[in-house]
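Asker:
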Amino acid sequence: MASHEKLRQLGLFEARAPRYTSYPPANHFSPKVGPQVVAGWMTAIEPGTPISLYVHIPYCRRLCWFCACRTQGTSTDRPLVPYLALLKQELAEVGRHLHPDVRIGQVHLGGGTPTLLNPEMIADLGQTLRDFRKWTDDATFSVEIDPTEVDQARIDALAAAGMTRASIGVQDFDTVVQEAIGRLQSFEQTRDVVAMLRAAGVGSVNMDILYGLPYQTRERMADSVQRVLSLSPDRVALYGYAHVPWMAKRQVMIPGDALPDAEARLELFDTARDLFLWDGYTEIGIDHYARPTDSMAKALENGTLRRNFQGYTDDPFDVLIGIGASAISRYPQGYAQNISASAKYATAIDSGSLATERGHAMTANDQLRADMIEGLMCQFSIDLDQLSKKHGVPVSQLMAMTEGMRERFKDQIRTDGHKITLAEEARLIARLAAQEVDAYSMPEGRHSRAL
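FYI, the numbering used here numbers position 225 of the sequence shown as 225, with every residue one higher than the one before it.
(1) Take the Cβ of G126 as the centre, count every other Cβ of all protein chains shown within 10 Å, and call the residue buried at 16 or more, exposed below.
(2) Thinking just about the alpha-carbon of each residue, which of A159, L91, E93 is nearest to the one in T115?
(3) Whole angstroms is fine: what's the gap from P119's alpha carbon to A341's?
(4) Give the DSSP bridge partners of V244, in chain order.
(5) Go ahead and pull the three-state DSSP assignment for G40.
(6) Decide if E5 is buried, meaning its Cβ has at least 16 other Cβ atoms within 10 Å, or exposed.
(7) Starting from G311, trace the beta strand (DSSP E) both ways and give me its first and last residue.
(8) Report the partner residues of Y289 according to the DSSP bridge assignment.
(9) Mapping DSSP to helix, strand and coil, what is L7?
(10) Could you tell me the boundaries of the alpha helix (DSSP H) in which T347 lies?
(11) Report the partner residues of T415 according to the DSSP bridge assignment.
(12) Can at least three beta-carbon pairs, one atom from the region 214-224 and one from the region 158-176, be found at a separation below 8 Å?
(13) Rounded to whole angstroms, what's the CA-CA distance from L7 to A262? Just pull it up for me.
(14) Report yes if the CB atom of S230 is closer than 9 Å to the CB atom of R198, and no otherwise.
(15) For Q412, which option in E425, N206, K419 has the closest C-alpha, if you only look at C-alpha atoms?
(16) Please classify F380: does DSSP put it in a helix, a strand, or coil?
(17) Excluding the 5 residues flanking K298 on each side, which residues of the same chain have their C-beta closer than 8 Å to its C-beta?
(18) Going by the CB atoms, is the gap between I168 and M207 shorter than 9 Å?
(19) Measure the C-alpha to C-alpha separation of Q379 and D416 and round it to an integer number of angstroms.
(20) Using C-beta distances below 7 Å, list every residue in its chain close to I122, excluding the 5 sequence neighbours before and after it, in chain order.
(21) Tell me where the alpha helix (DSSP H) around G126 begins and ends.
(22) Within 10 Å of its beta-carbon, does S396 have 16 or more other beta-carbons around it, so buried, or fewer, so exposed?
(23) Does A433 come out as helix, strand or coil in the three-state DSSP assignment?
(24) Excluding the five sequence neighbours on either side, which residues of its own chain have a C-beta within less than 8 Å of the C-beta of P394, listed in chain order?
(25) Please name the residue in M372, E179, D138 whose C-alpha comes closest to that of S22.
(26) Can you give me the C-alpha to C-alpha distance between P31 and P100, rounded to a whole angstrom?
(27) Given this structure, state the Cα-to-Cα distance separating R427 from Q435, to the nearest angstrom.
(28) Which residues mark the beginning and the end of the beta strand (DSSP E) in which T136 is found?
(29) Once the 5 residues before and after L210 are set aside, which same chain residues still bring their CB inside 6 Å of it?
(30) Whose C-alpha, out of V102, Y20, H56, is nearest the C-alpha of G322?
(31) Since I339 and E357 are thought to touch, with beta carbons under 8 Å apart, how far apart are those beta carbons, to the nearest angstrom?
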């Protein structure tokens with residue numbers, strides 16, 4: 001990696017930038033995309049096309065203070081029963097617009113805390129998803145799991161429903177850090193859940209950890225990462241904590257004076273990164289690590305790695321339909337997001353409508369810039385010849401579109417013919433480079449740190 005001083009000079013320490021899990025970023029979605037538009041996008045999906053489904057469970061038993069996701073707390077199962085009924089209604093409404101021969105290639109059950117569902121609810125939802133459309137022979141089914149809110153019966157129910165990948169939130173194993181972010185979760189709990197998952201035949205286990213949390217030190221970070229490595233996850237996401245209390249009100253509970261500064265954040269990142277690489281993981285983009293045998297490492301190798309709202313993904317499909325409150329969908333024509341507020345979401349579904357609240361219809365220019373940004377974020381490069389052929393735009397025009405990026409980062413960019421590549425030591429500036437080809441204005445300070 002580039003030296004700390006060089007990264008400081010490049011503006012990384014102070015910069016805020018979108019995470020580019022979509023282009024344009026979700027803060028540019030508008031009500032111009034509503035149920036009628038999205039119904040047309042669904043109808044246009046060709047028979048036999050494999051798609052992905054994302055099913056959102058927005059409930060948690062506890063509301064972790066660091067989390068900026070749209071979730072709500074519940075101490076009972078009472079709201080889950082009507083919410084599952086709404087998911088079934090929404091799937092039925094979506095099904096009205098999809099050709100019967102559309103296939104399901106990937107399913108992701110996220111939250112919130114999907115493992116709040118009891119075994120009977122899991123079995124019921126799993127059967128509903130199986131009945132929705134035929135699944136492809138190699139379909140994958142991933143589930144987000146909270147080790148403090150799962151047991152053997154629920155793991156067995158998920159395995160019976162077809163779960164192939166489990167994603168476990170760790171964040172940090174140090175109790176001082178855990179207390180500061182409102183998430184107590186012991187190593188032993190996590191270890192036992194991983195053992196249950198492996199025993200249930202779940203072939204792949206992911207883990208998420210965070211750097212930049214209050215009271216984190218290099219020593220604490222190293223200890224947490226080594227504990228993660230002792231569990232042999234197939235892939236790990238190493239995310240920078242985004243302190244955005246203006247968006248996530250619960251983050252005011254986190255002691256701001258205990259947060260590491262930009263230089264300390266980079267040291268924490270470097271500590272974790274070095275340990276993952278030492279243990280033989282393949283580095284994926286700016287914040288993921290995978291065993292060389294994992295499908296994400298293979299996607300990186302063959303050039304099919306992508307970005308979506310879960311971060312880096314090996315999802316090869318052009319359509320991802322989000323089901324549930326606040327869920328986001330991706331179509332070739334654009335993005336669509338469901339109503340976030342549970343009551344309004346329920347009203348829309350009960351009225352027999354799609355629950356779309358806002359979105360973005362992609363222009364040809366959007367599609368082009370989205371491909372540029374995805375190239376930078378996934379492969380750290382932009383192949384102008386490839387883009388010219390795909391989008392029918394002259395290379396000279398593409399050179400002009402990338403001029404600002406090439407000028408700002410001229411010492412960190414290598415140009416080989418018409419291929420522009422970020423130098424290996426400067427890959428942490430990928431989000432800043434992407435900003436230079438982003439055509440949308442961004443409110444100052446409204447994004448998370450670029451590091």
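Backbone N, C-alpha and C fix where the C-beta goes; we use that ideal spot for every residue, glycine too.
Quantities reported herein were computed from a predicted structural model and do not represent experimental measurements.
Answerer: Considering the structure as presented:
(1) One-based indexing of the sequence shown puts residue 126 at position 126. So G126 counts as buried.
(2) Within the sequence shown, numbered from 1, the residue matching residue 115 stands at position 115. Nearest of A159, L91, E93 to T115, Cα basis: A159.
(3) Taking the sequence shown and counting its residues from 1, the one referred to as residue 119 is at position 119. Taking the sequence shown and counting its residues from 1, the one referred to as residue 341 is at position 341. In a straight line, the C-alpha of P119 is about 26 Å away from that of A341.
(4) Counting from one through the sequence shown, the residue named residue 244 turns up at place 244. For V244, which the question treats as bridged, DSSP gives no partner whatsoever.
(5) In the sequence shown, counting from the first residue as 1, residue 40 sits at position 40. DSSP places G40 in helix when its eight states are reduced to three.
(6) Taking the first residue of the sequence shown as position 1, residue 5 is located at position 5. It counts as exposed.
(7) Position 311 of the sequence shown, counted from the first residue, corresponds to residue 311. Element bounds for G311: 311-313.
(8) On the sequence shown, residue 289 is found 289 positions in, with the first residue counted as 1. Per DSSP, V236, E283.
(9) For this step, residue 7 is matched to residue 7 along the sequence shown. Helix at L7.
(10) Translated into the one-based positions of the sequence shown, residue 347 becomes position 347. That run of the alpha helix (DSSP H) goes 342-350.
(11) Taking the sequence shown and counting its residues from 1, one reaches residue 415 at position 415. The partner list for T415 (beta bridge, DSSP) reads I420.
(12) yes
(13) For the purposes of this step, residue 7 is taken as residue 7 along the sequence shown, with counting starting at 1. For the purposes of this step, residue 262 is taken as residue 262 along the sequence shown, with counting starting at 1. If I take the Cα positions, the gap works out to 11 Å.
(14) Sequence index remark: in the sequence shown, residue 230 carries index 230 (1-based). Sequence index remark: in the sequence shown, residue 198 carries index 198 (1-based). Not in contact: S230 and R198 (Cβ atoms no closer than 9 Å).
(15) Looking up residue 412 in the sequence shown gives position 412. The shortest Cα separation from Q412 among E425, N206, K419 belongs to E425.
(16) Position 380 of the sequence shown, counting from 1, holds the residue named residue 380. The answer is coil: DSSP assigns F380 none of H, G, I, E or B.
(17) By 1-based counting over the sequence shown, the position of residue 298 is 298. The answer, listed in chain order, is D314.
(18) Within the sequence shown, residue 207 is the residue found at index 207, counting from 1. Within the sequence shown, residue 168 is the residue found at index 168, counting from 1. A contact, by the Cβ cut-off of 9 Å.
(19) Reading the sequence shown from its first residue, position 379 is the one you call residue 379. Reading the sequence shown from its first residue, position 416 is the one you call residue 416. Approximately 15 Å between the Cα atoms of the pair.
(20) As a working note, residue 122 is residue 122 in the sequence shown. If we look at I122 and ignore the five residues flanking it on each side, its Cβ neighbours are R154, A157, L158, A161.
(21) The sequence position of residue 126 within the sequence shown is 126, counting from 1. Start and end: 119-132.
(22) Taking the sequence shown and counting its residues from 1, the one referred to as residue 396 is at position 396. Label assigned to S396: exposed.
(23) Translated into the one-based positions of the sequence shown, residue 433 becomes position 433. If DSSP states are grouped into helix, strand and coil, A433 belongs with the helices.
(24) Position 394 of the sequence shown, counted from the start, is the residue given in the question as residue 394. Excluding residues within five positions, the ones whose Cβ falls inside 8 Å are S388.
(25) Locating residue 22 in the sequence shown gives position 22, counting from the first residue. Considering only alpha carbons, the answer is M372.
(26) Looking up residue 31 in the sequence shown gives position 31. Looking up residue 100 in the sequence shown gives position 100. Approximately 29 Å, taken between the alpha carbons.
(27) Residue numbering aside, residue 427 sits at position 427 when the sequence shown is read from its first letter. Residue numbering aside, residue 435 sits at position 435 when the sequence shown is read from its first letter. Approximately 14 Å between the Cα atoms of the pair.
(28) Here the question's residue 136 lines up with position 136 in the sequence shown. Segment 135-145, the beta strand (DSSP E) holding T136.
(29) On the sequence shown, residue 210 is found 210 positions in, with the first residue counted as 1. Taken in chain order, the residues that qualify are Q171, Y239, Y241.
(30) Taking the first residue of the sequence shown as 1, we reach residue 322 at position 322. Checked all of V102, Y20, H56; the closest Cα to G322 is H56.
(31) Stepping through the sequence shown from its first residue, residue 339 is reached at position 339. Stepping through the sequence shown from its first residue, residue 357 is reached at position 357. Contact holds; Cβ gap of about 4 Å.
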